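Chemist: Those protein sequences? They're chains A and B, same order as listed.
Residue numbers for the first sequence follow the working numbering, beginning at -2 and rising by one.
Residue numbers for the second sequence follow the working numbering, beginning at 93 and rising by one.
The beta-carbon is built from N, C-alpha and C at its ideal position, and this holds for glycine as well.
Values in this document were obtained by computation on a predicted structure and should not be read as measured data.
The structure is given below, and queries will be raised subsequently.
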Amino acid sequence: MAITLSESAANRVQKFLDQRGKGVGLRLGVRTSGCSGMAYTLEFVDETLPDDITFESFGVTVLIDPKSLIFLEGTELDFVREGLNEGFKFNNPNVKNSCGCGESFNV
Amino acid sequence: MALLQIAEPGLSADPHQHRLAIGIDLGTTNSLVATVRSGSAAVLEDEDGRALLPSVVRYVQVGIPEVGVEAQLRQTDDPHNTIASVKRFMGRGLKDVPGAAATPYRFVDSPGMVRIDTRAGLKSPVEVSAEILRVLRSRAEASLGGELTGAVITVPAYFDDAQRQATKDAARLAGLNVLRLLNEPTAAAIAYGLDNASQGVFCIYDLGGGTFDISILRLSQGVFEVVATNGDSALGGDDFDECIYRWIVEQAAIADPTVTDARLLLSLARKAKETLTDHDEAPICVTLSSGQAIDLVLTAETFFTLTASLIAKSLAPTRKALRDAGLGVGDIDGVVLVGGSTRMRHVRRAVADFFQSEPLTNLDPDKVVALGAAMQANLLVGNHKTDDWLLLDVIPLSLGLETMGGLAEKVIPRNATIPVARAQEFTTFKDGQTAISIHVVQGERELVGDCRSLARFELRGIPPMVAGAARVRVAFQVDADGLLSVSALEQTSGVQATIEVKPSYGLSDDEIARMLNDSYSNAQTDMNARNLREQRVDGLRLLEATQAALDQDGWQLLSEAERATIERAMETLRVMLNGQDPVALKRAADSLNRATAQFAARRMDASIQRALSGQRLDMLEV
Ligand SMILES: Nc1ncnc2c1ncn2[C@@H]1O[C@H](COP(=O)(O)OP(=O)(O)OP(=O)(O)O)[C@@H](O)[C@H]1O
Ligand SMILES: [Mg+2]
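Next up, the structure:
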């Protein structure tokens, strides 16, 4: 299963990459910590790593390391607005429960 | 729920540990807040999509003062309690306030800084500014979804120690952690990425609402040095409005406009001015209180002719700044336009002609300062690698000591990069002298009397020695915000004295404490408003989620009666959402939550059934 970006997320990522003026794509990842076990990470990519798995979504390159992929299979990254706040949101089908904060989760 | 932003490679923060940093342009006319999200700087807007917050505060009888557009609208009918352009009074005693008599405010002189008598009591400019900052802070917290780590606040390059200290005090009062103060022109240069150039001399032309500032910056090895500043504290967009106003009065032969009419015409004049930035004509149609109907068209050409002298007025200080810097127009590597008034086409043209080069204009001129401040803040909290982004600031005025004969001896010259520490040695001039009095002054002038006195203190207990034998080392230290502490040490005996220069016109700790106290008494009201806002967001989300669940599974999983119960609870919540009572709202949300508990459990079971038949869960046993 793939990792995808929603169209609005892809547009945003592309815009941020353009404004940043460098970078080959977006890295999604997972690391342990947080109030509910694991936490998402979201970073610009300047250098790809040998193990990286690559996806394309609306023209944006998404990179992910194989370990993180286990927890993120089928995830769609969305860009949303909530009141004045705006940002990215992981729609991860693997999540059993999250701490409600959107950043950490359990599978 | 936290929404995520894209971090620089390897710099992801731990969950709930995001370093939220903002930049604030605390302007005379308008204030703004900006941040860096997913690597790009953006100005934060309020609920109505407005980025600029008019720097106007209106004190009301009870409760939180009005700030911004609301307050601005009341300027005419409540002049004593509606404070505009408070930046002009920051760190100033009454005798230093330019044009105090021309303002409608009831000034009260008090040691250090003026106070303004309002219906809510005596307010210092620091407190008024804090109200503006408080609004920007809560806007930022709502936009970033969390507590702020810190803020960079900009100040004019020519602000002295007292004005800087006052700005810092205001931020503290507003509950902001000040990462540092940054010079406005430096912030503008940062926004344009000029700090990434290896070196160069840049001119920042800032024409705002009421003030004009020109700054010449030299960048070398990542350090911006303010080579020269000049300006006109009574020249800005308001004067252009005034010109159009006079033209209307003349064209329409208005004999004696009433105060209300004058105010109306002025705001129409401003609108016409802003229209002419993008159009060649601006209509001016209005009926006055006398019944006189006015129907005029102002052409761009006429406007340009009417206001040419104002632009010329800005070029005189520009020439002076260049002369002070010993530079010619040809030495300038780039010109940056700052301030809403530099949107005007004839201003841009005049600046381009003067410098014989096209100024940088691709960022919004009224936002660049806030954007640059946000970039600096983002760097200071560690969201950005510093190796490709080094920036220092400089002190605006020399710091020194009074020596024999009332002369000022400079210890740290102006434009020294900060933080900085310098020391100088002095000695006793009388046999057996056991104390030495130290007078710290700020300014460029030779005579102490012409400089600003910052602090006095004494070093006592020097063992008696012959004149000239004692070795007193006076060390000046300026931190990254441009604030000074001075220490004196007699080296043969080790006697020591230190003073932190809270200049006499800054705020005492007592005053800060009192003001913080005052702001706590407002805190209850603040808290309620905030609480209500948060409960509303939660309540709305709950309503939406429940509705979606009902639409999806309501018919399969619920009986008629169960559905009715849930719908009743939803209706109650809907009513409470329009109310003002956070407690009742919370109660309604809780009861909807209870009403749907069974339903949620059934939905969970159903979805696990679905998931199991879809084989999705087994790959997750990791
Ligand atoms: N489109 C426009 N065309 C012409 N003038 C404009 C336009 N937009 C804004 N202005 C003017 O810009 C001025 C406000 O500028 P800005 O917000 O930069 O002021 P400020 O920095 O707060 O003020 P100050 O320089 O006095 O500290 C107002 O006079 C406003 O009329
Ligand atoms: Mg300004």
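Per DSSP, what are the beta-bridge partners of Tyr284 (chain B) in this structure?
Modeler: Note: Tyr284 (chain B) sits in no beta bridge, so no partner.
Chemist: Scan the stretch 72 to 84 of chain A for residues whose Cβ lies nearer than 7 Å to a Cβ of chain B and list them as they occur along the chain.
Modeler: Answer in chain order: Val77, Glu79, Gly80, Leu81, Asn82, Glu83 and Gly84.
Chemist: So Glu626 (chain B) contacts chain A; which residues on that side make the cut at Cβ distance below 8 Å?
Modeler: In chain order: nothing, as chain A lies at least about 10 Å away.
Chemist: Any heavy atom of ligand 3 closer than 7 Å to the CB of Leu144 (chain B)?
Modeler: This structure simply doesn't include ligand 3; it includes ligand 1 and ligand 2 instead.
Chemist: Let me have the residue list for ligand 2: C-beta closer than 5 Å to any non-hydrogen atom, ordered along the chain.
Modeler: Taken from the N-terminal end onward, the list reads B:Gly119 and B:Gly300.
Chemist: Is Val42 (chain A) close to chain B, meaning its C-beta is less than 8 Å from at least one C-beta of that chain?
Modeler: Interface residue, yes.
Chemist: What residue does the alpha helix (DSSP H) around Pro375 (chain B) start on, and which one ends it?
Modeler: Careful: Pro375 (chain B) lies outside any alpha helix (DSSP H), inside the beta strand (DSSP E) at Glu373 to Thr379.
Chemist: Could you tell me the boundaries of the beta strand (DSSP E) in which Cys543 (chain B) lies?
Modeler: Careful: Cys543 (chain B) lies outside any beta strand (DSSP E) and carries neither H nor E.
Chemist: Might you give, ordered along the chain, the residues of its own chain that have their beta carbon closer than 7 Å to the beta carbon of Gln583 (chain B), omitting 5 neighbours on each side?
Modeler: Cβ neighbours of Gln583 (chain B) beyond the five flanking positions: Arg563 and Arg565.
Chemist: Smallest Cα separation from His110 (chain B): which of B:Glu100, B:Leu118, B:Asp117 and B:Ile116?
Modeler: Checking every option, the nearest Cα to that of His110 (chain B) belongs to B:Glu100.
Chemist: State yes or no: is the beta carbon of Ala234 (chain B) nearer than 8 Å to at least one beta carbon in chain A?
Modeler: Judged by the 8 Å Cβ criterion, Ala234 (chain B) is in contact with chain A.
Chemist: Can you pull the chain A residues whose beta carbon is under 9 Å from the beta carbon of Glu139 (chain B), in chain order?
Modeler: Near Glu139 (chain B) (Cβ distances below 9 Å), the residues of chain A are Gly80 and Leu81.
Chemist: How about Gly115 (chain B): is its Cβ closer than 7 Å to a heavy atom in ligand 1?
Modeler: No, ligand 1 has no heavy atom inside 7 Å of this Cβ.
Chemist: Nearest CA to the CA of Arg256 (chain B): which residue from B:Ile308, B:Leu118 and B:Phe332?
Modeler: It is B:Leu118 whose Cα lies nearest to the Cα of Arg256 (chain B).
Chemist: Could you tell me which chain C residues have their CB closer than 7 Å to the CB of Lys19 (chain A), listed as they occur along the chain?
Modeler: Absent from the structure: chain C. Protein chains present are A and B.
Chemist: At the level of alpha carbons, what is the spacing between Glu334 (chain B) and Val351 (chain B)?
Modeler: Those two C-alpha atoms are separated by around 14 Å.
Chemist: When DSSP labels each residue in this structure, what does Gly492 (chain B) get in the three-state scheme?
Modeler: Three-state DSSP puts Gly492 (chain B) in a strand.
Chemist: Give the DSSP-derived three-state secondary structure of Pro349 (chain B) in the structure shown.
Modeler: Pro349 (chain B): coil per DSSP, three-state reduction.
Chemist: Within the continuous alpha helix (DSSP H) that includes His438 (chain B), where are the two ends?
Modeler: That run of the alpha helix (DSSP H) goes Arg437 to Phe447.
Chemist: Going by Cα to Cα distance, which pick from B:Asp370, B:Ala344 and B:Arg537 is closest to Leu388 (chain B)?
Modeler: That would be B:Ala344, whose Cα lies nearest to the Cα of Leu388 (chain B).
Chemist: Tell me whether Ala693 (chain B) is buried or exposed, calling it buried when 16 or more other Cβ atoms sit within 10 Å of its Cβ.
Modeler: Flag for Ala693 (chain B) reads exposed.
Chemist: Just to confirm the assignment, what range does the beta strand (DSSP E) spanning Ala258 (chain B) have?
Modeler: Segment Asp253 to Leu265 is the alpha helix (DSSP H) holding Ala258 (chain B); no beta strand (DSSP E) there.
Chemist: At a threshold of 7 Å, does Arg256 (chain B) count as lining ligand 1 (C-beta to nearest heavy atom)?
Modeler: Result no, Cβ not under 7 Å from ligand 1.
Chemist: For the stretch 618 to 671 of chain B, list the alpha helix (DSSP H) runs that are entirely contained and at least 4 residues long, ordered along the chain.
Modeler: As far as the stretch 618 to 671 of chain B is concerned, its whole alpha helix (DSSP H) runs of at least 4 residues are 652 to 669.
Chemist: Glu366 (chain B): beta carbon under 7 Å from a heavy atom of ligand 1?
Modeler: Indeed, a heavy atom of ligand 1 lies less than 7 Å from the Cβ.
Chemist: Within the same chain, show all residues whose beta-carbon is closer than 6 Å to that of Glu44 (chain A), passing over the 5 residues directly before and after it, in chain order.
Modeler: Within the same chain, Glu44 (chain A) has no close Cβ partners at all.
Chemist: I think Asp75 (chain A) touches Ala(-1) (chain A), with their Cβ atoms under 8 Å apart; what is that distance to the nearest whole Å?
Modeler: With 8 Å as the limit, Asp75 (chain A) and Ala(-1) (chain A) do not qualify as a contact, their Cβ atoms being about 15 Å apart.
Chemist: In the structure shown, what three-state DSSP assignment does Pro457 (chain B) receive?
Modeler: Residue state, collapsed to three classes: coil.
Chemist: Do Ala637 (chain B) and Ala661 (chain B) come within 8 Å of each other at the CB atom, strictly closer than that value?
Modeler: No, Cβ-Cβ distance for Ala661 (chain B) and Ala637 (chain B) is not below 8 Å.
Chemist: So, using beta-carbon positions, are Phe447 (chain B) and Val427 (chain B) closer together than 8 Å?
Modeler: It is a contact, given that the beta carbons lie within the stated cut-off.
Chemist: Going along the chain, which residues of its own chain have a beta-carbon closer than 7 Å to the beta-carbon of Asn330 (chain B), five neighbours each way excluded?
Modeler: Per the sequence shown, residue 330 (chain B) should be read as Asp rather than Asn. So the list reads Gly301 and Gly302, once near-sequence residues are dropped.
Chemist: What did DSSP end up calling Arg28 (chain A) once you bin it into helix, strand or coil?
Modeler: Looking at Arg28 (chain A) - three-state DSSP - the assignment turns out to be strand.
Chemist: For a quick check, are the C-beta atoms of Val200 (chain B) and Arg207 (chain B) less than 8 Å apart?
Modeler: Their beta carbons are under 8 Å apart, which means Val200 (chain B) touches Arg207 (chain B) by this criterion.
Chemist: Can you tell me whether DSSP reads Tyr337 (chain B) as helix, strand or coil?
Modeler: Tyr337 (chain B): helix per DSSP, three-state reduction.
Chemist: Do the stretch 259 to 275 of chain B and the stretch 136 to 143 of chain B touch if we need at least three Cβ pairs shorter than 8 Å?
Modeler: With the cut-off at 8 Å, the stretch 259 to 275 of chain B and the stretch 136 to 143 of chain B do not touch.
Chemist: At the level of alpha carbons, what is the spacing between Ala469 (chain B) and Lys215 (chain B)?
Modeler: Roughly 29 Å separates the two Cα atoms.
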